[in-house]
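Residue numbers (my numbering): 330 to 968.
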Amino acid sequence: MLLGTVLVLLLLGGGPASAHAALRGTDPADGSVVKTSPRAITLTFTESVGLLDDSFRVLDPDNQRVRTGKAAHAEGRADTVSVALPEKLGTGTFTVAWRVVSEDSHPVSGAFTFSVGEPSATRAVLPSGADDNPVTDGLYNIGRDLAYIGAALLIGAAAFVALCRPPDRRPLRALLLGGGWALAGSTVFLFFLRGPYEAGTGPAGMFDPSGLTRTLSSRPGLALVARLVLLAAAAVLLLRQSRRETPSRAGLATGAALAVGLALTWAGAEHASAGIQVPAAMTSSVLHLLAMAVWMGGLPALLLLLHRASVPSTVVIRFSRLAGASVAVLVATGVYQSWRGLGSWSALTDTTYGRLLLAKLAAVAVLLAAGALSRRTVRRGTAVPATTAPAAEAREESRVPEPAGVVAGVSGSASASASVQAGAAGTSEASAPGADPAPGEDGPAADPAEGGSAAPGDGGSAPDAPTPRRRPLSPAEDTRRRALRRSVLFEVAVSVVVLLLTTILTGTLPGRAAAEAAAAEQSAGLPVASVTIIPFDAGLGMRGTVQVTLDPGRVGDNNVQAVVYGPDGGFVSIPELRLSFTLPSQDIGPLDAKLTDRGGYWASDGLSLPIPGTWEMKATVRVTDTDQVSETKPVEIVR
Numbered sequence: 330m331l332l333g334t335v336l337v338l339l340l341l342g343g344g345p346a347s348a349h350a351a352l353r354g355t356d357p358a359d360g361s362v363v364k365t366s367p368r369a370i371t372l373t374f375t376e377s378v379g380l381l382d383d384s385f386r387v388l389d390p391d392n393q394r395v396r397t398g399k400a401a402h403a404e405g406r407a408d409t410v411s412v413a414l415p416e417k418l419g420t421g422t423f424t425v426a427w428r429v430v431s432e433d434s435h436p437v438s439g440a441f442t443f444s445v446g447e448p449s450a451t452r453a454v455l456p457s458g459a460d461d462n463p464v465t466d467g468l469y470n471i472g473r474d475l476a477y478i479g480a481a482l483l484i485g486a487a488a489f490v491a492l493c494r495p496p497d498r499r500p501l502r503a504l505l506l507g508g509g510w511a512l513a514g515s516t517v518f519l520f521f522l523r524g525p526y527e528a529g530t531g532p533a534g535m536f537d538p539s540g541l542t543r544t545l546s547s548r549p550g551l552a553l554v555a556r557l558v559l560l561a562a563a564a565v566l567l568l569r570q571s572r573r574e575t576p577s578r579a580g581l582a583t584g585a586a587l588a589v590g591l592a593l594t595w596a597g598a599e600h601a602s603a604g605i606q607v608p609a610a611m612t613s614s615v616l617h618l619l620a621m622a623v624w625m626g627g628l629p630a631l632l633l634l635l636h637r638a639s640v641p642s643t644v645v646i647r648f649s650r651l652a653g654a655s656v657a658v659l660v661a662t663g664v665y666q667s668w669r670g671l672g673s674w675s676a677l678t679d680t681t682y683g684r685l686l687l688a689k690l691a692a693v694a695v696l697l698a699a700g701a702l703s704r705r706t707v708r709r710g711t712a713v714p715a716t717t718a719p720a721a722e723a724r725e726e727s728r729v730p731e732p733a734g735v736v737a738g739v740s741g742s743a744s745a746s747a748s749v750q751a752g753a754a755g756t757s758e759a760s761a762p763g764a765d766p767a768p769g770e771d772g773p774a775a776d777p778a779e780g781g782s783a784a785p786g787d788g789g790s791a792p793d794a795p796t797p798r799r800r801p802l803s804p805a806e807d808t809r810r811r812a813l814r815r816s817v818l819f820e821v822a823v824s825v826v827v828l829l830l831t832t833i834l835t836g837t838l839p840g841r842a843a844a845e846a847a848a849a850e851q852s853a854g855l856p857v858a859s860v861t862i863i864p865f866d867a868g869l870g871m872r873g874t875v876q877v878t879l880d881p882g883r884v885g886d887n888n889v890q891a892v893v894y895g896p897d898g899g900f901v902s903i904p905e906l907r908l909s910f911t912l913p914s915q916d917i918g919p920l921d922a923k924l925t926d927r928g929g930y931w932a933s934d935g936l937s938l939p940i941p942g943t944w945e946m947k948a949t950v951r952v953t954d955t956d957q958v959s960e961t962k963p964v965e966i967v968r
């Protein structure tokens, strides 16, 4: 009942919003000057957001924190949040730092300023990256990487056993156990680290009760809990099915449902749960993750069998067909998800998300090329007739890593459909008279689907069926098998790179969301101040810098603020500062900014720049009654 409720919440929780929240507007507006202290600060986003215990930090001009009320959503508006302010803030420029959690589970943060009365000469300065803890972010990304790898191993190995039906499943138990434990351990780790990750604090707070409570009530926390419940059910299912020769139909159906549920714990808490076409996106995400797990998780299963057990031709053919179907699903869902995440062709090269997607596509192309190489390696193999051998020779053969007379295997790629067969080619040869196994030895495993005896642990073998003896591989055959193993091993390594890039992509702002965020800022008129540093040297040790801020730094009216610093970085009082702007390409200017001394800084409220382009900003600094110096710097004015 609990699990069903959680999955329903994951399925229905996503609404029509854009993945990753973008700030749509602020009240007071960024860079504005208000006459009296506002009673509250209000932020509006492009999608629903979740609040943290410390979502707002308001700093006064002296860099001291202002006591505020508790942040809350506006009534009936999940995309609007506000926090109450004291009645009297004082005058000067205040800095607001905010941090919320977007609907797709990723924290987003930012900062803006507003002034009461008039701008101040000093303002609070937030350190770069103050809202993110690199250690916590790094650990959280490692946990997500392990979760993807664990899911691929668990689902891929289970699908390999159920659908490819290898005669001897015992070598694959290590993959099933390793994948299950990796997924379970990373899930628990992510659950405890979720609180510090959202808050941007250090990993020491992962056991904080308030953070754990918040995680347990959030969609990502519910997804992690559901994942643990599904893993427990999968462990019970695998334990029961291990006692059977072949999986039952009910077991296969239950396993498929559990695999879909596990994939849903990702789709329901990340990019697919927010944005356009949420139902289609979640369906595509589930299919994409399952296809990835079946293909890339089946590769290490095949590699392990190539090293430790026999691989009959039927197993190879089944996995080849399964891999081909997986690649087809990956292509179809990948194209859709790329379109949904990018939004335009230009985003493919102009955004971080697009460049990461190109890197992932390149890795997948390498993976497919490696699969084609494996197929060519396999096709160069030749059949070797079965031979009989005395007991002593059979004992000697048992020391060979893989006996002849079985299929060596193929690549896990979609194109790998051929097989290398070193030994008997048909059931008629397999049943031909031959020497009995040496005392204490089992005969070679045969594929039940071909009418042979079952593998050890899968129901025993026919008691009267004579077992042919097989000779060791020739040097040429052994060379081909080693080449095949190296090729499959390379595919496994590349698949790990693909999984890592997938993890990074799920935590990156999609190109479509980035474009929507920029459009939201433009439509809301959020100003982006232009700051220019102009160094000057008037001689005799009279040197320093002028920091000029154009707000918003666009066509039209701009506020200008200029502060003069000495060589030690402190404020300097000078007799006069003049600022003019010229646009040589249009023969406009010079336009005088008409700066006035505001007591510690220079400012102007009426500079109008009519045309976009690269303007030349000339600052004339008078350091004494008779000494002055002029310096020019370019400044870009946008529309």
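Quick reminder that beta carbons are idealized off the backbone N, C-alpha and C, glycines included.
{"Item": "Helix, strand or coil at histidine 636 according to DSSP, with G and I counted as helix", "Value": "helix"}
{"Item": "Opening and closing residue of the alpha helix (DSSP H) in which proline 463 lies", "Value": "463-488"}
{"Item": "Separation of isoleucine 478 from aspartate 359, as counted between CA atoms", "Value": "44 Å"}
{"Item": "Glutamate 960 - partner residues in DSSP beta bridges", "Value": "Ala948"}
{"Item": "Every unbroken alpha helix (DSSP H) inside the segment 872-945 [4 residues or more]", "Value": "none"}
{"Item": "Where glycine 734 sits in the DSSP three-state scheme", "Value": "With a pLDDT of only 32 at glycine 734, under 50, the local geometry of the prediction cannot be trusted, and no value is derived from it."}
{"Item": "Spatial distance of threonine 397 from valine 387 (CA atoms)", "Value": "8 Å"}
{"Item": "Beta-carbon gap between valine 817 and leucine 635 smaller than 9 Å", "Value": "yes"}
{"Item": "Of the listed residues Val952, Met946, Thr953, Thr955, nearest to lysine 962 (C-alpha basis)", "Value": "Met946"}
{"Item": "Beta-carbon proximity of leucine 553 to arginine 523, cut-off 9 Å", "Value": "yes"}
{"Item": "Three-state secondary structure (DSSP) of threonine 530", "Value": "coil"}
{"Item": "Test item: CB-CB of alanine 527 and threonine 542 under 9 Å", "Value": "Just to set this straight, residue 527 is glutamate in the shown sequence, not alanine. Not in contact: glutamate 527 and threonine 542 (Cβ atoms no closer than 9 Å)."}
{"Item": "Burial state of serine 757 (16 or more Cβ within 10 Å)", "Value": "Model confidence at serine 757 stands at a pLDDT of 31, short of 50, so the residue's coordinates are unreliable; what they give is reported in the following sentence. With fewer than 16 Cβ atoms within 10 Å of its Cβ, serine 757 is classed as exposed."}
{"Item": "Counted within 10 angstroms of its Cβ, other Cβ atoms place tryptophan 931 as buried (16 or more) or exposed", "Value": "buried"}
{"Item": "Element boundaries [alpha helix (DSSP H), containing tryptophan 595]", "Value": "578-596"}
{"Item": "Simplified DSSP state of threonine 409, which is helix, strand or coil", "Value": "strand"}
{"Item": "Neighbourhood of arginine 559 by C-beta distance below 8 Å, restricted to the same chain and skipping five residues each side", "Value": "The displayed chain sequence assigns leucine, not arginine, to residue 559. Once the five neighbours on either side are set aside, the close Cβ partners of leucine 559 are Leu332, Leu587, Gly590, Leu591, Thr594."}
{"Item": "Cutoff 7 Å; reference proline 941; Cβ partners in own chain excluding five residues on either side", "Value": "Val884, Ile966, Val967, Arg968"}
{"Item": "Identified DSSP bridge partners for threonine 544", "Value": "According to DSSP, which records beta bridges pairwise, threonine 544 is partnered with nothing at all."}
{"Item": "Straight-line Cα distance separating proline 448 from lysine 399", "Value": "27 Å"}
{"Item": "Member of Val901, Gln957, Val827 whose CA lies at the smallest distance from the CA of glycine 868", "Value": "Gln957"}
{"Item": "Endpoints, beta strand (DSSP E) assigned at alanine 867", "Value": "Where alanine 867 is concerned, there is no enclosing beta strand (DSSP E), given that its DSSP letter is neither H nor E."}
{"Item": "Per-residue burial, methionine 381 [other beta carbons within 10 Å of its own, 16 or more giving buried]", "Value": "Correcting the residue identity first, residue 381 is leucine in this sequence and not methionine. Leucine 381 comes out buried."}
{"Item": "Given 8 Å, three or more beta-carbon pairs between the segment 481-496 and the segment 619-636", "Value": "yes"}
{"Item": "Alanine 369, enclosing beta strand (DSSP E) - first and last residue", "Value": "369-374"}
{"Item": "Status (buried if at least 16 other CB within 10 Å, exposed otherwise) for glutamine 606", "Value": "exposed"}
{"Item": "Buried versus exposed, by CB contacts within 10 Å (16 or more), serine 434", "Value": "buried"}
{"Item": "Aspartate 383, buried or exposed, once every other Cβ within 10 Å from all chains shown has been counted against 16", "Value": "exposed"}
{"Item": "Three CB pairs or more closer than 8 Å across the segment 462-472 and the segment 529-538", "Value": "yes"}
{"Item": "Coarse secondary structure for glutamate 820, derived from DSSP in three states", "Value": "helix"}
{"Item": "Neighbour-count burial assignment, lysine 364, 16 or more Cβ in a 10 Å radius", "Value": "exposed"}
{"Item": "Option in Leu519, Ser937, Gly935, Leu567 with minimal Cα separation from alanine 503", "Value": "Leu567"}
{"Item": "Valine 860 beta carbon less than 9 Å from that of valine 877", "Value": "yes"}
{"Item": "Three-state secondary structure (DSSP) of threonine 662", "Value": "helix"}
{"Item": "Whole-angstrom C-beta distance between glycine 472 and leucine 519, which should lie under 8 Å", "Value": "5 Å"}
{"Item": "DSSP three-state assignment for histidine 435, whether helix, strand or coil", "Value": "coil"}
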